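Here the structure comes first, spelled out in structure tokens, and everything after it is commentary.
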Amino acid sequence: LPSNGIPVSFAQVNIELTGQVLDDQQKPLPGATVSVVGTTQGTTTDENGKYRLSLPDDYVGRSLAFSYIGFTSQTVVIGQERTVNVTLKTDNSRSLNEVVVVGYGQQNKLSVTGAVDQIKAQSIEGKPVTNVLQALQGESPNLIIQQTNFTPGSGVNINIRGLGTLGDNTPLIVIDGIIGGDINLLNPNDIASVSVLKDAGSAAIYGSRSANGVLLITTKGGKLNQKATVTYNGSYGMQSPYVGLKKVSAWDNAYYKNLSLINSGLPPIYTPDDIQALRAQGNGDWERQSILQNAPQQLHNVSITGGGATSSYLISAGLQDQRSNFIGPSYGYKKYNLRLNQLSVIGKLRVNTILNYVKSQNKSHSNADWVIFADADRVPLNYSFQDAAGNYLTNPVASQYNVKSVLEQGGYYQSDNDQFFANLNAALSITNDLKLTGIFGGTLNANNAFFRRLQVNNYPTGVYGNDRTVYDNSFKNSLLNSQVFADYTKRIGDHSFKVLLGASDEYYRSNGFQLQKTLTDPALGTPTTGTILDPVNSYNSNTNTNETRISSVFGRVNYSFKDRYFLEGNFRQDGSSKFAAGRRWGFFPSIAGSWILSEESFMKAQNVVGSLKVRGSYGLVGNQNVNAYQYQTNYFNYANAYGFNNTVVGGAGFSLGNPDLTWEKSAMLNVGADASFLQNKLTVSLDYFNKVTSDILYSRQDIPLLFGAGFPDFNVAKVKNKGWEVSATYNLNTNATKQSFSVNLADNQNTLLALTYGSDQQIANVDAFGFIRKVGQPITQYWGYKTNGYFQNQADIDNSPKPDGVLVGPGDIKFTDFNGDGKIDDSDKIVLGNPFPRYTFGFTYRLAVKGFDLNLFIQGVGKRDVMLRGEEVEPFHYNYGATMYEHQTDFWTPDNPNARYPRLAAIGSPSNTNNWRNGSDVYRYNAAYARLKNVQLGYTLPGTLTQKVGVQRLRVSLIGQNLLTLSELNFIDPETSEFNNNLNLGAASNSARSYPLPVFYGFGLDLSF
Amino acid sequence: CGPLDIAPVNRFTELNFWTTSENVDNALNNIYSGMYTSTLYFYNEALSDNAYTAQGSAAGNPEAIASGSFTSTLPKFQNDWAFYYQGIKSCNIFLANIDQNKTLPAEVLSRMKGEVRFVRAWHHFNLMKWYGDVPLLDRDLTPDEAKVIPRSPRATVLKFITDELTAAETLLPTKDAYSAADNGRISKGAAIALHARVLLYEGNRMAEVVTLCEKLINDQATNGQYGLAANYSDLFSNATVNKTSNESILALQYVPGLRTWSEFFDFAPRSAGARTNSLAPTQELVNDYVTLNGKAITEAGSGYSESTPYANRDPRLTATVVYDQYVWRNADGSTQIIYIKPGSDPVRPALNEYTLNGQGSPTGYYWRKYYDPNSLANFTSGLNLHLIRYADVLLMYAEAKQSLGQLTADVWNKTIRPLRQRAGFTNTEALNFPASGDLTQTIRRERRAELALEGLRIDDIRRWKIAETVLNGYAHGAKFGDPTVDNGYIRAQRRQFDPAKNYLWPLPASELNLNKALTQNPGYQL
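Respectively, the protein sequence lines represent chains A and B.
Per this note's numbering, residue 3 is the first one in the first sequence, and the count goes up by one each step.
Per this note's numbering, residue 77 is the first one in the second sequence, and the count goes up by one each step.
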């Protein structure tokens, strides 16, 4: 082969062949293979689908083969024409021809060997959500999205394939190639695609942080040679809070209260006259319905895209405004996004610049939501929040304040966050085969919060906010990432190679400060006589600084043979500042392969299966989600430890270090298959995975408390997580209508294999019941007594085991004596359920008829237990509460022996102690559900009509969200979880008191010109 | 690429911490801070017949212990155990490292060791008191040692405590030798007084208790100048007296606005600004206050009348408990009447009235003692909480003398008489040495009345072995209940006490799982 000016045999005179490869829509096809049949000569097309080949002149007469994955290959005999253009036709027997974003690159879906799901913009657009993650729920099997509450701007829990570790299960987020972005702040409308990397084969290139999987988010950009287009998308609608709780009437409440007292041998407190008086007076308004209202939500986006021969651009601006459902001043969440994506092609250099600015504002009342709901729920309907004169009332049941006054006049918390994201990506095509890419990017966050509690005096007495606290909090962080990597692609006959090698450095720094004062001026919140600077809650940035760094090298090799057999190897080596020298570097390799069976001759004979691919991967991935500095023992000073002579003094505490701290490691196996049937109308994907995570970073549970100090994390625990995913899409198109049905279903099951060195279980008590972590079981489960019906009569009581020292009566809960020792004690406690979802599913139906389109999306969970507690579950809860709810009226009486709840009994009575203080499955509910998550009905006006006024596309739509829910649990939202992604066993189990699910009704408008 | 070695900027390492004197001071202050908590101080009262908490979950559910229905997994057993051992660890780390410091004067280092050894003995004393045999930690343990250390016999722990307190007594200066800035530090007097308390609780070492108390009563030049504050209530409510009275031998120190406690937010009458009531005095406590002539209300000639139950009573009742129609003095000097009897409050809704339904007191009584008129919002108070008072020394002395058969008029006049005088008794029948009557009961009642809400009643019940009497049956409230039940006194909580096992707490079940060398107390095995 002639090259580098080295003389070649003069017998070989070269001919120059050029041309362009187009697809069936006459668009250029970059990356297509052009080769001379029977030789090793060949090249690939550039981004404009063009190629250039220099061949010996005796090659005339040979055939030139044009191929591209997903297209039918073509051959052209080399004749006298020096320009050979071809148009490749889509190969309908190969449905898997889309491009999938993977780590540090893109792959044709056909060549993907790992478990990667790609969610397209189509599944995100039009959903009335302010957070991208909410739009992803149900779209990919085993991409599990949960929330602990639905307050505007609240965070979302996310995990891929369930829980594999005892710490943070959040997947790694990569936005436009930069690791560690904040997905919550993205404008859902700016997203082009989200790749979900589920297995080691696809994720290992992200090494030490990929054990929980990776979400790769690619934002939209412009296209070359495209005329400028302006697009507007917007929606507006009302959110209606879902409240399933219904208090019984004031007079029924009094009757039930009497019954609970009488059942406990106490005198009733309401006379029949009192109850008549309550009935005559009617119900008040002290309930959560009265402090919630409908609230608007609106989303607006404008984007301009276009491009010339050498540059393209996208400018996008968005506003998302979700108002709070609480009464009072209009609080809620607002987000402004501005994005610029610019591409310049300068010869062999492509420079892509992405700038994104986000301003988000969240304003809410000055207390915790769960406190507001608990107080609203604890007072019976005898009472109202306000009297006729508008005074905020207190009453004997409520605490000293009135939640309506807190919401309306008690002050606020306001956070103002500015985020700037910049990404400069320069790719140089050194040769047709070799490309060098440098990326420099980062995120700067500047967050400010202001809190002010205002004093509200209630009537006749009681006060809220007399501390009159004011604070300012400022928090800044920056994440800088530099990467350089080289891609080398080569095809030699049937052999195709791709090699990637790169290095990366990431540096994170955060610091913050706070200034807090109490007893400020009641009107202004400014310092005045008696104002105190709070030295504990005020701090400077040097006491609140956090720095971490990761340095890495990574690489990937792809090999394929005949576009039918694929092999891929990935590795990454990371060094992290979170670990001591010597424990710092981790190596994470993976290997994966796939085989397209449908290309084999033995498969060509049949016509049932259109395409069939099997794939498998195995690898090692890591997790390092621990706090920095834990490997060193250190001492810290703090203020206000003690006082001498009425003067305060500081103190010094210590944190033990663990010098051996290192990564968690997950060994992951994945096998899967992708197939299409019925002329590609039906496509199906299946995956099975098995993941064992060891060296899990966890606090040691084997050290008795008498050791006297807390522990840093140790690499102690081990968890196995296995499961499967199925997804299928069926397209049914006729000339007039297009329909598609997509369904996905998944399961995952984790098992704790080791907890800490010597200890195989950990139990954490949460008020009434507990959580257990036990080796051999799922990693977090509810724990307590198993109920065994009710004591129906005295003989039943006499013959049944009971908790020590408790005098029970008929209608009280009977517990199962598992060890058969004749009494109920801690040794009879068992696992009562699993708070994490199993059998998660999503179903999407799309229909297009003429100008109309319909999109239905159902999402749900097939199996989940939830244990709720508090006044929403226990009648007259713990004396804090004085209420009964309609669902609680199914209690035991001699005529209702199989009731849902035990007989009513006064707090402090042996019956109440037995029934409610012994945490049992009386608190357990079935939280399986199916929810009509999203409905869109759209109409696109005929183009012939709109184009007369210069409008390319005009679509109007009706949008609904969370419209219908099927669940056994209907007084509280079954989707809400008490856990965040950190799986903290101290979860307060307040999910019955969390901000309710909004039901949204609205309309949308899409316009482009 | 930058460096991967990143050190925190706001912390010291083991290598450079102890050499700086200010750090040593801070480490010692941290030990003081971990000596005790306001939650333990107040809510342990709910273990006794002085109080009832309906809402004790924040305090680890002491009401479950009082009810007799609990197992070794109850949070309080674990919380308290962990608290004391955390305190011990801080002490042991301090003692192991303090000699690294070369800048503090030798006498300061020696004094600091005395303070820390006192606190370490204090934590062991609390552990021994509740759990009996406990692991004795006279040095810092490694994690692996913590997994195998057995319980030491109670006698060994006791000897350790008393030896340490004897050593601390010699290492520590008197309170008078401390500079004013050190007011509140552990002194020689505190070591002697705690030593006396430890031995008093043994019951069979009263002669030594007498000797120790006499050191404090008769040898004040050597051991510190102590006396009684002029006004009982001021000790708990007056910002100056509470902090500076020479009655205080050891107090948990607070500073207004800066280091504070706010339990009273749930103790006061609700019309006085309380949020709710989570600790309520019992009728049994109220009943034990004598009448102004020194007689128990059950005694003939006491002058007690059930229709005016709060009149003519020990003035400490009014200084301690808020009862129906109590005249409450607000912080601004104005007064309000606290209506507790159902239906009696002219203001509706009635916040203080007794009702089974509400946030008010479940016994019909609220607390007055430790009310801080200078407290900030939500009763955030900087008043000190007394751990050992000179009044207690006088009571210990009287009790020890009585148990030795040596309670003479002279001893009475040095102990009970001044306490009653200070309380406001003027009737000579109450002040003079009684010629007859059960003096043991008299001293016990005196102790209960003087020390109510200071967390000592449950200790007294346990060491007197009267728990099966006073902690069985119902804890009652005021006479606002069903007249046909218990003569109309509210049944607040049903209680049970099994003397065969309940005199010791169970070790936390979780600890036994992790350290197989630990054994469980009798009756608590699962």
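All C-beta atoms in this analysis are idealised placements derived from N, C-alpha and C, irrespective of residue type, glycine included.
Since this is a predicted model, take the numbers as computed values, not measurements.
(Q) When you compare the CB of residue 176/B with every CB in chain A, is at least one pair closer than 9 Å? (A) The residue you call residue 176/B lines up with position 100 of the second sequence. No - not a single Cβ of chain A is within 9 Å of the one on residue 176/B.
Contact criterion: CB-CB distance below 9 Å. Does residue 335/B meet it with respect to chain A? Locating residue 335/B in the second sequence gives position 259, counting from the first residue. At least one chain A Cβ lies under 9 Å of residue 335/B.
task: Could you say which of 938/A, 955/A, 986/A, 863/A lies nearest to residue 775/A if we only look at CA atoms?
output: Your numbering for residue 775/A matches position 773 in the first sequence. The option with the nearest alpha carbon to residue 775/A is 986/A.
Given that a residue counts as buried once 16 or more other Cβ atoms are within 10 Å of its Cβ, and exposed if not, what is residue 211/A? To locate residue 211/A, count along the first sequence from 1; it is residue 209. With a 10 Å radius around the Cβ and a threshold of 16 neighbouring Cβ atoms, residue 211/A comes out buried.
#### Entry: DSSP state of residue 585/A mapped onto helix, strand, coil
The residue labelled residue 585/A in the question sits at position 583 within the first sequence. DSSP places residue 585/A in the coil class of the three-state scheme, outside both helix and strand.
Contact under 9 Å by Cβ, residue 354/A with residue 343/A: Taking the first residue of the first sequence as 1, we reach residue 354/A at position 352. Taking the first residue of the first sequence as 1, we reach residue 343/A at position 341. Contact flag set, yes.
Quiz item: Under three-state DSSP, which class holds residue 209/A?
Solution: For the purposes of this step, residue 209/A is taken as the residue at position 207 of the first sequence. Secondary structure of residue 209/A (DSSP, three-state): helix.
Just to check my reading of the structure: residue 454/B and residue 347/B have Cβ atoms closer than 8 Å, yes? What is that Cβ distance to the nearest angstrom? Sequence index remark: in the second sequence, residue 454/B carries index 378 (1-based). Sequence index remark: in the second sequence, residue 347/B carries index 271 (1-based). Contact doesn't hold; Cβ gap of about 15 Å is too wide.
I'd like to know whether the C-beta of residue 575/B is nearer than 9 Å to at least one C-beta of chain A.
Stepping through the second sequence from its first residue, residue 575/B is reached at position 499. Using a CB distance cut-off of 9 Å, residue 575/B does not count as an interface residue toward chain A.
| request: Could you work out which residues of chain A lie near residue 343/B, taking near to mean beta carbons separated by less than 7 Å? | output: Sequence index remark: in the second sequence, residue 343/B carries index 267 (1-based). Per Cβ cutoff of 7 Å: no residues; residue 343/B is ~13 Å from chain A at best.
My assumption, with CB atoms under 8 Å, is that residue 267/B sits in contact with residue 285/B. Please give the rounded CB distance.
On the second sequence, residue 267/B is found 191 positions in, with the first residue counted as 1. On the second sequence, residue 285/B is found 209 positions in, with the first residue counted as 1. About 14 Å; that fails the 8 Å criterion.
Mind listing which residues of the region 607-626 of chain A have their C-beta closer than 7 Å to chain B's C-betas, in chain order? The residues in question: there are none.
Margin query: What residue range does the beta strand (DSSP E) around residue 622/A cover?
Written below: Indexing the first sequence from 1 puts residue 622/A at position 620. Per DSSP, residue 622/A is one residue of the beta strand (DSSP E) stretching across 611-625.
Exercise. Report the residue from 894/A, 83/A, 140/A, 128/A whose alpha carbon sits nearest the alpha carbon of residue 862/A.
Key: One-based indexing of the first sequence puts residue 862/A at position 860. Nearest C-alpha to residue 862/A: 140/A.
Notebook entry, point to check: What are the residues of the region 637-648 of chain A that lie near chain B, defined by any Cβ-Cβ distance shorter than 7 Å?
Noted result: Flagged, chain order: 637, 638, 639, 642, 643, 644, 645, 646, 647, 648.
*asked:* Can you look up residue 281/A in the DSSP assignment and give me helix, strand or coil?
replied: Taking the first sequence and counting its residues from 1, the one referred to as residue 281/A is at position 279. Correct three-state label for residue 281/A: helix.
Can you list the beta strand (DSSP E) stretches of 3 or more residues lying completely in the region 365-433 of chain A, in chain order? 413-431, all fully within the region 365-433 of chain A.
Notebook entry, point to check: For the alpha helix (DSSP H) that residue 310/B lies in, which residues bound it at each end?
Noted result: Residue 310/B sits at position 234 when you count from the first residue of the second sequence. Judged by DSSP secondary structure, residue 310/B falls within the alpha helix (DSSP H) whose first and last residues are 310-313.
**Asked** How many angstroms separate the CA atom of residue 75/A from the CA atom of residue 67/A?
**Response** Against the first sequence, residue 75/A aligns to sequence position 73. Against the first sequence, residue 67/A aligns to sequence position 65. If you take the alpha carbons of residue 75/A and residue 67/A, they lie about 7 Å apart.
*asked:* Extract the residue ranges of the beta strand (DSSP E) inside the region 830-910 of chain A, only unbroken runs of 3 or more that lie entirely within it.
replied: Listed in chain order, the complete beta strand (DSSP E) runs (minimum 3 residues) inside the region 830-910 of chain A are 832-835, 840-851, 854-865, 867-869.
Item to complete: Return the first residue and the last residue of the beta strand (DSSP E) that residue 336/A is part of.
Response: Within the first sequence, numbered from 1, the residue matching residue 336/A stands at position 334. Segment 334-348, the beta strand (DSSP E) holding residue 336/A.
**Request:** Determine contact between the region 800-812 of chain A and the region 106-124 of chain A, defined as no fewer than three beta-carbon pairs at a distance below 8 Å.
**Result:** Touching, no.
Nearest residue (CA-CA) to residue 100/B, options 880/A, 850/A, 655/A, 205/A | Counted from its first residue, the second sequence places residue 100/B at position 24. Measuring from the Cα of residue 100/B, the nearest candidate turns out to be 655/A.
*Taking Cβ to Cβ, would you say residue 748/A is nearer than 9 Å to residue 173/A?*
The residue you call residue 748/A lines up with position 746 of the first sequence. The residue you call residue 173/A lines up with position 171 of the first sequence. Residue 748/A places its beta carbon 9 Å or farther from that of residue 173/A.
**Report entry** Which listed residue (372/B, 507/B, 174/B) has its alpha carbon closest to that of residue 389/B
**Finding:** As a first step, residue 389/B is located in the second sequence; it is residue number 313 there, counting from the start. With distances taken between CA atoms, residue 389/B lies nearest to 372/B out of 372/B, 507/B, 174/B.
key: Chain-ordered neighbours of residue 512/B on chain A, where CB pairs are closer than 7 Å   = Position 436 of the second sequence holds residue 512/B. Neighbourhood of residue 512/B in chain A, by CB distance below 7 Å: empty, with the nearest CB roughly 41 Å away.
- [ ] For residue 805/A, write down the residues that DSSP places opposite it in a beta bridge.
- [x] Position 803 of the first sequence holds residue 805/A. Residue 805/A pairs with 826/A.
**Proximity of residue 386/B and residue 399/B at Cβ, strictly below 9 Å** = The count along the second sequence starts at 1 and reaches residue 386/B at position 310. The count along the second sequence starts at 1 and reaches residue 399/B at position 323. Taking 9 Å as the Cβ cut-off, residue 386/B and residue 399/B qualify as a contacting pair.
Residue 198/B - DSSP class collapsed to helix/strand/coil: Here the question's residue 198/B lines up with position 122 in the second sequence. Residue state for residue 198/B is assigned as helix, using DSSP reduced to three classes.
Using 9 Å as the threshold, is the C-beta distance between residue 245/A and residue 281/A below it? Against the first sequence, residue 245/A aligns to sequence position 243. Against the first sequence, residue 281/A aligns to sequence position 279. Contact flag unset, no.
**Asked** Run through DSSP, which three-state label would residue 953/A get?
**Response** The residue labelled residue 953/A in the question sits at position 951 within the first sequence. DSSP places residue 953/A in coil when its eight states are reduced to three.
So, for residue 556/A: in the same chain, excluding its five sequence neighbours on each side, which residues have a beta-carbon less than 6 Å away from its beta-carbon? Here residue 556/A refers to the residue found at position 554 of the first sequence. Contacts found: 207, 504, 574.
Exercise. Check whether the region 659-669 of chain A touches the region 684-704 of chain A, taking contact to mean three or more Cβ pairs, one atom from each stretch, closer than 8 Å.
Key: Counting C-beta pairs with one atom in each stretch, the region 659-669 of chain A and the region 684-704 of chain A have three or more that are closer than 8 Å, which means they touch.
Taking Cβ positions only, does residue 534/A come closer than 9 Å to chain B?
By one-based count along the first sequence, residue 534/A stands at place 532. Taking Cβ atoms only, chain B reaches closer than 9 Å to residue 534/A, which makes this a yes.
Check: Is residue 769/A close to chain B, meaning its C-beta is less than 9 Å from at least one C-beta of that chain?
Finding: If you number the first sequence from 1, residue 769/A lands on position 767. So yes, residue 769/A belongs to the interface.
Exercise for the section: Give the C-beta separation of residue 475/A and residue 395/A to the nearest angstrom, bearing in mind that I take them to be a contact with Cβ-Cβ under 8 Å. Expected result: Mapped onto the first sequence, residue 475/A falls at position 473. Mapped onto the first sequence, residue 395/A falls at position 393. Wrong, their Cβ atoms sit about 34 Å apart, outside the cutoff.
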